[in-house]
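For reference, the structure discussed in these notes is given below.
Residue numbers (this note's numbering): 6 to 213.
Now the structure itself:
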């Protein structure tokens with residue numbers, strides 16, 4: 006309901022992201038951090054404001070999700086258009102953003118549906134909510150190695166590269182939400198530095 010409502014409100018507001026619409030979008034992303042429809046909506050809004058860097062970030066996140074090939078091709082074309090408006094030095098900076106290498110595995114003895122979502126979450130130790138960045142995988146993807154970058158940032162203006170250290174945790178969400186709930190499977194919280202040594206997250210205990 007929230008998704009359709011946000012899209013409808015955006016059209017009614019003639020392509021402007023009103024505070025009410027943004028509140029709905031944020032609510033959806035809090036439940037599903039990489040929801041393609043909401044990321045596309047934010048990208049369109051950024052393009053209309055001619056903030057091509059922000060639009061490219063949202064589109065990059067959206068393209069990492071599952072979608073029909075025709076939709077993927079359309080978004081890739083829009084992403085290329087957005088990047089074509091970025092200065093060359095800005096594009097180089099994006100490519101050189103310090104990444105955090107993360108290896109994620111599920112300990113032996115723990116079982117979950119292959120389709121169960123796995124959230125890899127980066128938090129600011131001094132302001133853990135909302136998360137800085139979130140990447141969504143599934144249990145079927147494990148073990149996996151990923152790189153978190155500023156392209157995974159949840160909110161504009163809150164980037165991984167702006168901090169010397171972050172907290173990382175991996176969680177198998179049995180209810181589908183990135184927020185921890187009783188019964189979810191979780192790793193220990195590990196410290197990491199953007200551009201620093203890779204981190205290993207082993208999902209090996211159950212949330213009480």
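From the three backbone atoms N, C-alpha and C, an ideal C-beta is built for every residue, glycine too. In this text, all values refer to a predicted model and were calculated from it rather than measured experimentally.
Alpha carbon to alpha carbon, what distance is there between residue 9 and residue 22?
-> 15 angstroms
Got a sec: is the Cβ-Cβ distance from residue 212 to anything in chain D below 7 angstroms?
-> Given the protein chain composition of this structure (a single chain), no chain D is represented.
Residue from 179, 155, 75, 193 whose Cα sits closest to the Cα of residue 103 = 155
Exposure of residue 85, with buried meaning 16 or more beta-carbon neighbours within 10 Å | exposed
For the segment 79 to 144, which segments carrying the beta strand (DSSP E) assignment without a break, of at least 3 residues, lie completely within its bounds, in sequence order?
-> 105 to 111, 122 to 128, 138 to 143
Provide the residue span of the beta strand (DSSP E) that contains residue 204, from first to last.
-> 204 to 208
Report the residue ranges of all alpha helix (DSSP H) runs contained in full by the segment 54 to 80; include only those spanning at least 4 residues, in chain order.
-> 57 to 68
Just reading off the alpha helix (DSSP H) that residue 250 is part of, what are its end residues?
-> The question about residue 250 has no answer, for the chain in this structure spans 6 to 213.
DSSP state of residue 150 mapped onto helix, strand, coil = strand
Give the DSSP-derived three-state secondary structure of residue 16 in the structure shown.
-> helix
Output the boundary residues of the beta strand (DSSP E) element that contains residue 175.
-> 171 to 177
Leaving out five residues on either side along the sequence, give the residues of the same chain with a beta carbon under 8 angstroms from the beta carbon of residue 194.
-> 172, 173, 174
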